[in-house]
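A.B. asks: If you're matching them up, the sequences are chains V and W in order. Each residue of the first sequence is one higher than the last, beginning at 1 in the working numbering. Each residue of the second sequence is one higher than the last, beginning at 1 in the working numbering. Don't be surprised by glycine CBs; every beta carbon is placed ideally from N, CA and C. Note that the coordinates shown come from a computational prediction; the quantities given were computed from them, not determined experimentally.
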Amino acid sequence: MEGAVNKVDVNNRAKLFQCITATSFVMDDLRLFLDTHPMDKAALDYWEKIQRVRNEAVKEYTMCFGPIYSYDVNSKNKWTWVEEPWPWEGRC
Amino acid sequence: MWCYEKRLQYPVNISQCDPKLAMVILSQFGGPDGELAASQRYLSQRYTMSNHKVCGLLTDIGTEELGHMEIICAIVHQLTKNLTPKEIMESGFQNYYVDHTLGLWPQSAGGVPNTAMCFQSKGDPITDLVEDMAAEQKARTTYDNILRLVHDQEICDPIKFLREREIVHFQRFGEALRMIQDDLDPKNFYAYNPSFDPTPCK
């Protein structure tokens with residue numbers, strides 16, 4: 001039973017993380033386009049839409065699995081920033 | 001992945017240009033003990049740091065150094081804003097100006113271009129952390145040297161802030177070194193390299 005719960009957790013984690021990676025990249029690319037096309041309505045709408053999805057995903061990931069951005073660390077009793085593996089370690 | 005925040009870690013608002021001082025302060029951008037070298041040193045070393053928490057410290061201090069590089073560049077930029085050719089010649093700024101106009105380029109005050117040879121990433125935690133502690137002290141001395149030449153409060157303030165950060169970083173690296181040593185053989189810290197050799201059985 002415990003294993004099943006864990007598996008769901010891990011799947012959800014991977015899915016959320018993938019969502020953050022994908023939406024972040026969309027925003028990284030859109031940012032460059034908008035820097036040179038600041039009035040482009042379609043790009044601005046897309047930015048807003050993807051921003052909502054990313055914000056949701058980051059919020060949920062941070063709450064369930066720990067921070068990915070150090071300003072977002074939210075921990076009363078313990079510093080969680082250095083707990084999870086670092087991205088270059090090849091997990092996550 | 002990094003995210004840029006549109007703000008300086010410490011504000012820089014300089015109203016009087018001073019190309020002579022700019023030339024001196026430029027050393028903390030691209031000089032041997034400057035902020036560019038500092039950031040690249042820590043951000044390069046973190047991949048082979050054996051302690052998980054120290055990886056975090058190198059990431060966070062390395063990131064802060066990028067912010068310090070931005071503060072130094074802002075100071076140099078404001079000190080060289082709107083210079084006239086006459087002011088350039090009279091201040092001795094012409095040698096820099098001829099190659100870079102008023103652009104920011106990482107070099108030392110003496111004109112030596114920035115090079116990775118001014119820092120090390122050795123892949124040995126003790127070696128790297130001792131280098132990091134020395135680097136913070138060298139940068140602190142450089143800021144002390146700059147402060148002897150600066151009397152304008154607008155320039156002193158951010159420089160004093162940066163100097164204090166060197167001392168804080170030195171303190172944190174000292175603690176990191178202790179954490180690394182706590183993981184090692186207390187009878188011989190150098191018996192093996194925890195980032196390379198297999199951990200011996202106890």
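Determine the DSSP secondary structure at Q260/W, reduced to helix, strand or coil.
C.D. replies: Summary: the structure shown does not reach residue 260/W, with chain W confined to residues 1 through 202, and so no result is reported for it.
A.B. asks: Closest Cβ-Cβ distance between W47/V and chain W: below 8 Å?
C.D. replies: The count along the first sequence starts at 1 and reaches residue 47/V at position 47. Output row for W47/V: interface = no.
A.B. asks: According to DSSP, which residues form a beta bridge with K113/W?
C.D. replies: Within the second sequence, residue 113/W is the residue found at index 113, counting from 1. Per the sequence shown, residue 113/W should be read as Pro rather than Lys. DSSP lists Q107/W as partners of P113/W.
A.B. asks: Taking L149/W and V24/W to be in contact with their CB atoms under 8 Å, please state how far apart those CB atoms are, rounded to whole angstroms.
C.D. replies: The residue you call residue 149/W lines up with position 149 of the second sequence. The residue you call residue 24/W lines up with position 24 of the second sequence. At roughly 6 Å, the Cβ-Cβ gap stays under 8 Å, so L149/W and V24/W are in contact.
A.B. asks: Compare the C-beta of K53/W with all C-beta atoms of chain V and state if any pair is closer than 8 Å.
C.D. replies: Reading the second sequence from its first residue, position 53 is the one you call residue 53/W. Chain V contact via Cβ: present.
A.B. asks: According to the Cβ coordinates, are L21/W and I155/W closer than 8 Å?
C.D. replies: Here the question's residue 21/W lines up with position 21 in the second sequence. Here the question's residue 155/W lines up with position 155 in the second sequence. Contact: yes.
A.B. asks: Return no unless some Cβ of chain W is closer than 8 Å to the Cβ of V73/V.
C.D. replies: Indexing the first sequence from 1 puts residue 73/V at position 73. Taking Cβ atoms only, chain W never reaches closer than 8 Å to V73/V, which makes this a no.
A.B. asks: Counting C-beta neighbours from all protein chains within 10 Å, is the total for C92/V 16 or more, i.e. buried, or is it exposed?
C.D. replies: Numbered from its first residue, the first sequence carries residue 92/V at position 92. Any reading at C92/V is ruled out, since the residue's pLDDT is 47, under 50, leaving its predicted position unreliable.
A.B. asks: Hey, is the region 178–190 of chain W in contact with the region 59–76 of chain W, meaning 3+ C-beta pairs nearer than 8 Å?
C.D. replies: Contact between the region 178–190 of chain W and the region 59–76 of chain W is absent, because fewer than three Cβ pairs lie under 8 Å.
A.B. asks: Alpha helix (DSSP H) containing S91/W: first to last residue?
C.D. replies: The sequence position of residue 91/W within the second sequence is 91, counting from 1. S91/W -> alpha helix (DSSP H) spans P85 to S91.
A.B. asks: Can you have a look at C64/V and say buried or exposed, based on whether 16 or more other CB atoms are within 10 angstroms of its CB?
C.D. replies: Here residue 64/V refers to the residue found at position 64 when the first sequence is read from its first residue. Answer is exposed; the Cβ neighbour count stays below 16.
A.B. asks: Look up W2/W in the DSSP assignment and say whether it is helix, strand or coil.
C.D. replies: Start at 1 with the first residue of the second sequence, and residue 2/W comes out as number 2. Three-state DSSP puts W2/W in coil, outside helix and strand.
A.B. asks: Report the start-end ranges of each alpha helix (DSSP H) in the region 113–184 of chain W that is 4 residues or longer and not cut off at the edges.
C.D. replies: Here the runs fully enclosed are 125–149 and 153–182.
A.B. asks: Could you give the DSSP three-state label for I72/W: helix, strand or coil?
C.D. replies: As a position in the second sequence, residue 72/W is number 72, starting the count at 1. Looking at I72/W - three-state DSSP - the assignment turns out to be helix.
A.B. asks: Quick check: is the beta carbon of V82/V nearer than 8 Å to any beta carbon in chain W?
C.D. replies: Numbered from 1 along the first sequence, position 82 holds the residue referred to as residue 82/V. With 8 Å as the cut-off, V82/V counts as an interface residue toward chain W.
A.B. asks: Could you work out which residues of chain V lie near G56/W, taking near to mean beta carbons separated by less than 7 Å?
C.D. replies: Reading the second sequence from its first residue, position 56 is the one you call residue 56/W. Within chain V, the residues near G56/W are W81 and V82.
A.B. asks: Here's the rule: buried if 16 or more other CB atoms are within 10 angstroms of the residue's CB, otherwise exposed. What is D281/W?
C.D. replies: Residue 281/W is absent from the model: chain W starts at 1 and stops at 202.
A.B. asks: Can you tell me whether I7/W is helix, strand or coil according to DSSP?
C.D. replies: By one-based count along the second sequence, residue 7/W stands at place 7. Note that residue 7/W is Arg in the sequence shown, not Ile. R7/W falls in the coil class under three-state DSSP.
A.B. asks: Quick one: is Y42/W near chain V, going by C-beta distance under 8 Å?
C.D. replies: Position 42 of the second sequence, counting from 1, holds the residue named residue 42/W. Taking Cβ atoms only, chain V never reaches closer than 8 Å to Y42/W, which makes this a no.
A.B. asks: Could you tell me whether the Cβ atoms of V112/W and A74/W are closer together than 8 Å?
C.D. replies: Looking up residue 112/W in the second sequence gives position 112. Looking up residue 74/W in the second sequence gives position 74. No.
A.B. asks: Please work out which residues of its chain come closer than 6 Å, Cβ to Cβ, to N193/W, disregarding the five sequence neighbours upstream and downstream, and give them in chain order.
C.D. replies: What you label residue 193/W is simply residue 193 of the second sequence in a count that begins at 1. Only D124 meet the Cβ criterion.
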